[in-house]
Each structure stands twice: as C-alpha cells, then as structure tokens.
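Chains as they are written, first to last, in my numbering: chain L, 1 to 57; chain Y, 1 to 515.
See structure below.
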Amino acid sequence: MDSFLKRHSTKLKSTALILMLVIPFLLYAAALHGSILQVKLLMAILIVTMLFVMKNG
Amino acid sequence: MLDLFVVKWIFAFSPILTVLVLMIFKNWSGSRAGAAGWFVSLIAATFVFGAHPVLIAYSQAKGALLSLNVLYIIWAALLLYNVVNETGAIQAIGIGIQRFSGDKSIQILIFGWIFSSFLQGVAGYGVPIAVVAPLLVGLGFSPVVAVAVPAIGHSWSVTFGSMGASFQALMAVSGLDAAYLAPWSATLLGITTFLCGICAVHVYGGWKMTRHSLIAILVIGTAMAGTQYILAVSGMWTLGGFGASLVGLCSGLAVAKLKIYNQVPPSQTKSEMGLGWALSAYFILIVVVSSGVMIPPVKAFLGQARLTLAFPEIITLNGWITQAGKGKAINIFGHGGALLLYATLIGYFVYRSKGFYHSHALKTILLKTIKSGVPTSLGIVSMVCFAMIMDHCGMIVILAEGVSRVFGSFYPLVSPWIGLLGAFMTGSNTNSNVVFGVLQQETAQLAGLGAGLILAAQTTGGALGSMIAPAKILVGCSTVGLSGKEGPVLKATLQYGLIITGIVGILTMLFSFIR
Numbered sequence: 001m002d003s004f005l006k007r008h009s010t011k012l013k014s015t016a017l018i019l020m021l022v023i024p025f026l027l028y029a030a031a032l033h034g035s036i037l038q039v040k041l042l043m044a045i046l047i048v049t050m051l052f053v054m055k056n057g
Numbered sequence: 001m002l003d004l005f006v007v008k009w010i011f012a013f014s015p016i017l018t019v020l021v022l023m024i025f026k027n028w029s030g031s032r033a034g035a036a037g038w039f040v041s042l043i044a045a046t047f048v049f050g051a052h053p054v055l056i057a058y059s060q061a062k063g064a065l066l067s068l069n070v071l072y073i074i075w076a077a078l079l080l081y082n083v084v085n086e087t088g089a090i091q092a093i094g095i096g097i098q099r100f101s102g103d104k105s106i107q108i109l110i111f112g113w114i115f116s117s118f119l120q121g122v123a124g125y126g127v128p129i130a131v132v133a134p135l136l137v138g139l140g141f142s143p144v145v146a147v148a149v150p151a152i153g154h155s156w157s158v159t160f161g162s163m164g165a166s167f168q169a170l171m172a173v174s175g176l177d178a179a180y181l182a183p184w185s186a187t188l189l190g191i192t193t194f195l196c197g198i199c200a201v202h203v204y205g206g207w208k209m210t211r212h213s214l215i216a217i218l219v220i221g222t223a224m225a226g227t228q229y230i231l232a233v234s235g236m237w238t239l240g241g242f243g244a245s246l247v248g249l250c251s252g253l254a255v256a257k258l259k260i261y262n263q264v265p266p267s268q269t270k271s272e273m274g275l276g277w278a279l280s281a282y283f284i285l286i287v288v289v290s291s292g293v294m295i296p297p298v299k300a301f302l303g304q305a306r307l308t309l310a311f312p313e314i315i316t317l318n319g320w321i322t323q324a325g326k327g328k329a330i331n332i333f334g335h336g337g338a339l340l341l342y343a344t345l346i347g348y349f350v351y352r353s354k355g356f357y358h359s360h361a362l363k364t365i366l367l368k369t370i371k372s373g374v375p376t377s378l379g380i381v382s383m384v385c386f387a388m389i390m391d392h393c394g395m396i397v398i399l400a401e402g403v404s405r406v407f408g409s410f411y412p413l414v415s416p417w418i419g420l421l422g423a424f425m426t427g428s429n430t431n432s433n434v435v436f437g438v439l440q441q442e443t444a445q446l447a448g449l450g451a452g453l454i455l456a457a458q459t460t461g462g463a464l465g466s467m468i469a470p471a472k473i474l475v476g477c478s479t480v481g482l483s484g485k486e487g488p489v490l491k492a493t494l495q496y497g498l499i500i501t502g503i504v505g506i507l508t509m510l511f512s513f514i515r
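Below you can see the structure in the form of structure tokens.
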C-alpha cells in the first residue's frame with residue numbers, strides 16, 4: 001500500500017486537489033436542493049479526501 | 001459566564017493551534033497540517049458551535065470559490081516562472097546584474113534585496129531564496145549568509161509579489177476592496193522595504209557596511225517603496241512587487257555606477273542569453289497587465305464572464321447567523337491569473353520562436369509547474385476551507401472578542417505579530433492572511449480600530465514571516481548544501497524578523513492614533 005502511494009504520489013495528490021475543489025460545488029448544489037442524503041454522502045467523500053491529504057499531502 | 005466564554009475560545013482556537021503545533025513541533029507540511037486543522041474545525045464546529053451538514057456544505061462552497069481566486073494567480077505565476085526559467089533566462093539575469101559592480105555591499109543589495117524581490121514578484125513560494133542563495137555562494141559569500149540575505153531581503157515584496165496572490169487572499173477573506181486595503185498595506189510594506197535592505201546588508205557586514213550602503217539603500221528603497229505604493233493604490237496591485245523591484249533593479253544598477261561603489265572591478269562573466277531577451281517575458285507581462293487593468297474598453301471586454309454563487313442565510317443550531325449573499329466572484333478572463341496566463345503564452349511563443357527551448361521543454365515546464373503547484377494548492381484549499389467553517393460558526397468572532405478583551409486599545413501593537421505567526425506556521429503570507437485575516441478584521445472592528453490599518457499590519461507581519469518560515473529556510477538551505485544545518489540561518493533571520501515586526505507594531509500603534 002505504502003509503495004503504491006509513493007509510486008503514484010503526484011497523481012493521487014492532483015486527484016485529491018481536484019476533489020477538494022469540485023466536491024464543494026456538488027455540496028452546494030445538493031444543499032440548495034435540500035438533499036441531505038447527498039450532502040452527507042459528499043461530505044463522507046470530502047472527509048476521506050482530507051484524510052488522504054493529512055496522511056500524504 | 002466568563003468561564004464558558006474561555007472554554008468556547010479555547011475550542012475556537014483549537015484548529016489554529018493544531019496547525020501551529022503540527023507545523024512547528026512535528027514538522028508537518030502546510031497541506032498535511034491544513035487538513036488536520038480542517039478536521040479539528042469540523043469537530044469543534046459540529047459538537048460545540050452547532051454546525052450542521054448544510055452549513056458545512058455552503059461554507060465549503062464559499063471556501064472553494066475563495067481558493068480558486070487565489071490558486072488562479074498561483075498556478076499562472078508558477079507557469080510563467082517555469083516558462084522563463086526553462087530558457088536559462090533567470091541565470092542570465094543573475095549574470096547580467098553581476099557585471100555591474102564588484103562592491104560586496106552592492107552585490108548583497110542587488111542580489112539579496114532587489115533581485116530576490118524581483119523573483120518574489122514573478123514567482124514566490126521559496127523561489128527567491130532557492131535561486132539567489134547559490135548565486136551568492138558563487139560570488140564568495142558563506143552559505144549561511146547566502147541563504148539569510150535573500151530570506152531577509154525579499155520579505156517586503158511578498159504581499160504584492162507573486163502577482164499579488166497574498167493581497168488577493170486578504171481581499172477575498174475580508175470582503176474589502178483594493179482601494180480600501182492598498183494604501184495602508186503599501187505604506188507599512190514600504191517602510192519595511194528600507195528595514196529589509198538595512199538588515200540584509202547588516203547580516204553580512206555589520207554596521208560598518210550598513211553605513212557604507214546607506215546612500216544606495218535610501219535611493220533604491222525610495223524607488224521601490226514609492227513604485228509599489230503607486231502601483232498598489234492605482235489598482236495595479238498585481239504588479240506591485242514586480243514593478244517595484246524592476247524599478248529597483250534599474251535604480252540599483254545606476255547607483256552601482258557611483259564612485260563610492262565602484263572601487264572593485266566588476267565580473268566579466270557572460271551568459272548565452274542577453275539581458276534584454278531574458279527579461280522579455282516580463283516586459284510582455286507589464287504590457288498585458290497594464291492593458292488589462294488600465295485600458296477601460298479592454299478591462300470591460302475581459303470582465304464580461306464572472307463565476308459566482310448566491311448563498312442563502314445560514315443559521316447554526318446555536319443561533320449564529322451568516323447573512324445571505326453572493327460568494328467571491330471570479331472574473332474568468334480579466335482576473336490577475338488570466339492576465340498572467342496571456343503573458344505566459346505570448347512569452348512562451350516568443351522564446352520558442354527564438355529557439356531558446358530544447359525539444360521536450362513544454363513537458364518539463366508543465367511537470368515542474370504541477371510538482372510545485374499541487375502541494376501549495378492542497379495547503380491553501382484545506383486552510384481556506386477550515387477558515388470558512390470557523391467563520392460560518394462564529395468561531396472567528398469569539399477569537400476576535402477574546403483578543404480584543406485582553407489587548408483592547410493596544411491591539412495594533414499585536415496585529416503584525418499575528419500575521420508573522422501565521423506565515424511562520426504555514427510558510428506563506430497568503431495562508432496567514434486566509435487563516436487570520438477575518439480574525440484581525442473582526443478584532444479591529446470590536447476594538448473600534450480601522451480594519452484597513454490592522455489588515456495592513458496583518459499582511460506586513462505575514463510578509464515578514466517569510467524570512468523566518470522553516471519551510472522557506474529549508475528550501476534555501478537545500479540549494480547550498482546546508483540541508484540538516486538550518487539552525488544558524490534561522491537564528492540569523494529570526495532576530496531581524498522579530499526586530500522589524502516589533503518596529504511595524506509600534507508604527508501601527510502610532511498610525512492608529514493619527515488615522
């Protein structure tokens with residue numbers, strides 16, 4: 001797992017950055033439409049992304 | 001009642017404390033510490049300040065908009081730097097300057113004060129120290145001095161450098177415009193211009209060399225501080241650091257011709273690329289930015305497409321209200337970052353038509369830009385997003401109220417130190433402004449002080465923090481073989497950083513009486 005993360009570090013970090021910039025807009029759309037389930041699901045993805053950044057950023 | 005306030009204040013401070021502890025004591029990068037701060041703010045906001053999923057959703061959308069505003073400039077600035085650097089132009093500029101004077105104090109000023117500020121103006125993010133330190137070692141300076149001099153010398157230009165990314169961040173988080181923020185910011189940073197020049201010479205040659213350099217510091221400092229002020233208050237703040245250092249370069253080269261600085265013969269080294277061609281991308285940049293900012297029809301044409309979102313009123317479970325309103329708008333084609341991109345593209349094609357690139361240059365440029373841009377961006381986005389969570393739950397107002405209660409009318413003395421602390425912990429003036437900008441603004445309002453002056457002190461402290469930020473010192477040390485021996489450099493820069501910040505604090509206090 002660690003060697004995979006090291007090998008693909010730049011790609012994974014770039015993906016994390018894109019997710020961190022895209023998910024908030026999806027959250028906005030979900031919140032605007034009152035879809036709490038979607039908000040919670042997207043929050044879960046954002047939390048996983050932040051966990052990745054905290055470990056490997 | 002007071003006890004409850006203290007407990008809430010501690011929880012409100014916990015995300016910032018987390019970032020501080022992880023970066024200073026655990027040596028975490030800005031991106032990792034920022035993500036940890038985001039988690040702590042999410043937990044504190046949910047369990048203490050009454051945040052709910054919808055509030056978090058809206059706060060993150062606002063955070064993403066703010067981040068895009070800052071990242072637009074950062075990525076474009078990095079791309080421009082790599083487009084220029086790949087031709088060997090940065091080295092050519094260094095060699096071109098070296099041919100003007102053999103006087104050590106002038107070399108220190110031109111390289112460590114002016115050229116490093118010029119690099120801050122066009123790139124930033126540690127580039128000034130990384131580029132200038134090896135050049136100074138090549139001129140015979142010790143590695144410790146070679147890193148310390150540009151670290152101290154370039155600090156004054158950080159806020160308006162990197163195409164004004166830090167200033168853009170200050171405007172974005174405070175919601176105040178350039179016309180309100182620029183005068184005080186340019187004034188305080190203008191004063192630090194002279195102080196940085198004096199300290200850059202002093203770190204090498206003590207008071208004797210400082211006295212010898214005084215005329216040069218006064219002439220060049222006045223040219224740079226004056227230019228920065230004019231550009232900042234006339235709406236061209238994206239060119240503030242760059243334009244000032246370019247004028248500084250011209251005045252520095254002129255001062256180098258004075259008899260007192262011309263006792264030792266200059267270097268005869270020549271580079272393959274002429275100074276004119278090396279600087280051509282930056283001349284293009286001046287033309288593009290000036291046209292985009294100062295010619296009304298061009299400005300209007302480019303400003304037609306704006307990206308923004310409307311946000312409804314948001315209320316926490318504890319009753320804290322964030323008013324409805326629009327998020328930070330991104331001027332897609334007229335943004336500072338867009339202007340930089342146009343200049344970068346033109347510069348790239350000019351250099352390519354003259355044959356300055358090797359066959360795989362474009363790929364190298366893009367890879368280098370991504371490699372340095374991604375970690376910086378991760379740090380900025382995570383910190384902006386946790387600052388937005390704090391803002392939407394009233395945590396920043398509680399922090400501000402606490403600081404205001406303790407320091408009261410003496411708050412101006414403290415404000416630059418908060419900016420310095422932010423830059424020290426995050427390695428970035430931009431991040432410092434993002435994390436502490438709203439806190440400083442709220443505190444100023446509670447204490448009845450002008451937000452413009454206090455935010456100017458914030459960003460000046462943040463700029464000065466660049467000279468003591470471990471992240472930047474590490475970059476510089478790695479380029480001159482001092483990896484793992486950063487202590488002496490940090491010791492040297494720390495004393496100057498603390499002295500200049502103290503002076504800025506006193507000046508802010510005095511200005512708060514006369515504003």
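Don't be surprised by glycine CBs; every beta carbon is placed ideally from N, CA and C.
No experiment lies behind these values; they were computed from the predicted model shown.
TODO: Using a Cβ-Cβ cut-off of 8 Å, state whether I45(L) counts as contacting chain Y.
DONE: Chain Y contact via Cβ: absent.
| P296(Y), enclosing alpha helix (DSSP H) - first and last residue | P296 to L302 is the span of the alpha helix (DSSP H), which, as asked, contains P296(Y).
**Asked** In whole angstroms, what is the alpha-carbon distance linking G164(Y) and M43(L)?
**Response** One C-alpha to the other measures close to 32 Å.
* Asked: Is there contact here, the stretch 235-242 of chain Y with the stretch 74-86 of chain Y, by at least three beta-carbon pairs under 8 Å?
  -> Under the three-pair Cβ rule at 8 Å, the stretch 235-242 of chain Y does not count as touching the stretch 74-86 of chain Y.
V173(Y) beta carbon less than 8 Å from that of A387(Y): A contact, by the Cβ cut-off of 8 Å.
Margin query: Using beta carbons (cut-off 8 Å, strictly below), is K40(L) in contact with chain Y?
Written below: Residue-level contact check: K40(L) touches chain Y, since one or more beta carbons of chain Y fall below 8 Å from its beta carbon.
Q. Are the Cβ atoms of M395(Y) and A45(Y) separated by less than 8 Å?
A. Their beta carbons are under 8 Å apart, which means M395(Y) touches A45(Y) by this criterion.
**Prompt:** Going straight from the alpha carbon of L378(Y) to that of Y72(Y), what length do you get?
**Reply:** Those two C-alpha atoms are separated by around 13 Å.
For H154(Y), the nearest candidate out of I332(Y), A343(Y), I108(Y) and Q91(Y) (CA to CA): Considering only alpha carbons, the answer is I108(Y).
Checklist line | Delimiting residues of the alpha helix (DSSP H) encompassing T49(L) | finding: Per DSSP, the continuous alpha helix (DSSP H) segment holding T49(L) begins and ends at I36 to N56.
My output table needs one value for K11(L): the three-state DSSP class, helix, strand or coil. Correct three-state label for K11(L): helix.
Can you give me the C-alpha to C-alpha distance between L68(Y) and G462(Y), rounded to a whole angstrom? L68(Y) and G462(Y) have their C-alpha atoms spaced approximately 21 Å apart.
Query raised in the report: Would you call the stretch 89-99 of chain Y and the stretch 188-197 of chain Y in contact, with 3 or more CB pairs under 8 Å?
Result: No, they do not touch.
Threshold first: 3 residues or longer. Then list the beta strand (DSSP E) segments lying entirely within the stretch 354-432 of chain Y, N to C.
Counting only runs of 3 or more, we get nothing.
Report yes if the C-beta distance between G419(Y) and G465(Y) is below 8 Å; otherwise report no.
Yes, the Cβ-Cβ distance between G419(Y) and G465(Y) is below 8 Å.
Q.
I need the boundaries of the alpha helix (DSSP H) containing L136(Y), first residue and last residue.
A. Counting along the chain, L136(Y) sits inside the alpha helix (DSSP H) bounded by residues V127 to G138.
Practice problem: For V264(Y), count neighbouring Cβ atoms within 10 angstroms of its own Cβ and tell me buried if that reaches 16, exposed if not. | Solution: Counting Cβ neighbours within 10 Å, V264(Y) comes out exposed, since fewer than 16 surround it.
*asked:* Between K371(Y) and chain L, is the shortest Cβ-Cβ distance under 8 Å, so that the two count as touching?
replied: K371(Y) counts as touching chain L.
Q) With which residues is I314(Y) paired in a DSSP beta bridge? A) Beta-bridge analysis with DSSP links I314(Y) to T322(Y).
Please confirm if F4(L) has its CB atom under 8 Å from at least one CB of chain Y. No - not a single Cβ of chain Y is within 8 Å of the one on F4(L).
Taking the alpha carbon of A305(Y) as the reference point, which residue from V7(Y), I332(Y) and H392(Y) has its own alpha carbon closest? Of the candidates V7(Y), I332(Y) and H392(Y), the one whose C-alpha sits nearest the C-alpha of A305(Y) is I332(Y).
Can you say whether K328(Y) is buried or exposed, counting buried as having 16 or more other CB atoms within 10 angstroms of its CB?
-> K328(Y) comes out buried.
| Fully enclosed by the stretch 189-257 of chain Y, which alpha helix (DSSP H) runs are 4 residues long or longer? | Those alpha helix (DSSP H) runs which fall completely within the stretch 189-257 of chain Y and span 4+ residues are 240-255.
**Report entry** C-beta atoms of L176(Y) and A451(Y) nearer than 8 Å
**Finding:** The answer is yes: Cβ separation under 8 Å.
Exercise for review: Kindly give me the distance between the Cβ atoms of A343(Y) and A244(Y), rounded to whole angstroms, as I take these residues to be in contact under 8 Å.
Suggested key: Rounded to the nearest angstrom, the Cβ distance from A343(Y) to A244(Y) is 18 Å, too far for a contact under 8 Å.
Problem - DSSP three-state assignment for R99(Y), whether helix, strand or coil - result: It is coil, neither helix nor strand.
Contact under 8 Å by Cβ, A400(Y) with L446(Y): In this structure, L446(Y) lies closer than 8 Å to A400(Y) by Cβ.
- Message: Given a cut-off of 8 Å on the beta-carbon distance, is the pair E313(Y) and A324(Y) in contact?
- Response: The criterion of a C-beta distance shorter than 8 Å is satisfied by E313(Y) and A324(Y).
Between A130(Y), A254(Y) and A64(Y), which has its C-alpha nearest L307(Y)'s C-alpha?
Closest by alpha carbon: A64(Y).
Do we get a CB-CB distance below 8 Å when we pair L19(L) with the residues of chain Y?
No, L19(L) does not count as interfacial toward chain Y.
For I330(Y), which three-state DSSP category applies?
For I330(Y), the three-state secondary structure derived from DSSP is strand.
For this session: Pick out whichever of C393(Y), A423(Y), L455(Y) and A178(Y) has its Cα sitting closest to the Cα of L413(Y).
Result: Looking only at C393(Y), A423(Y), L455(Y) and A178(Y), the smallest Cα-Cα distance to L413(Y) is reached by L455(Y).
**Message:** Quick check: the Cα distance between A361(Y) and A151(Y), rounded to an integer number of angstroms?
**Reply:** Rounded to whole angstroms, the separation of the alpha carbons of A151(Y) and A361(Y) is 30 Å.
task: Return no unless some Cβ of chain L is closer than 8 Å to the Cβ of L68(Y).
output: Contact with chain L is found for L68(Y), since one of that chain's Cβ atoms lies less than 8 Å from the residue's Cβ.
Quick check: is the beta carbon of W320(Y) nearer than 8 Å to any beta carbon in chain L? Not closer than 8 Å to any Cβ of chain L, the Cβ of W320(Y) fails to qualify, so no.
Considering only C-alpha positions, which residue in the set I506(Y), I110(Y) and K104(Y) is nearest to C250(Y)? The shortest Cα separation from C250(Y) among I506(Y), I110(Y) and K104(Y) belongs to I110(Y).
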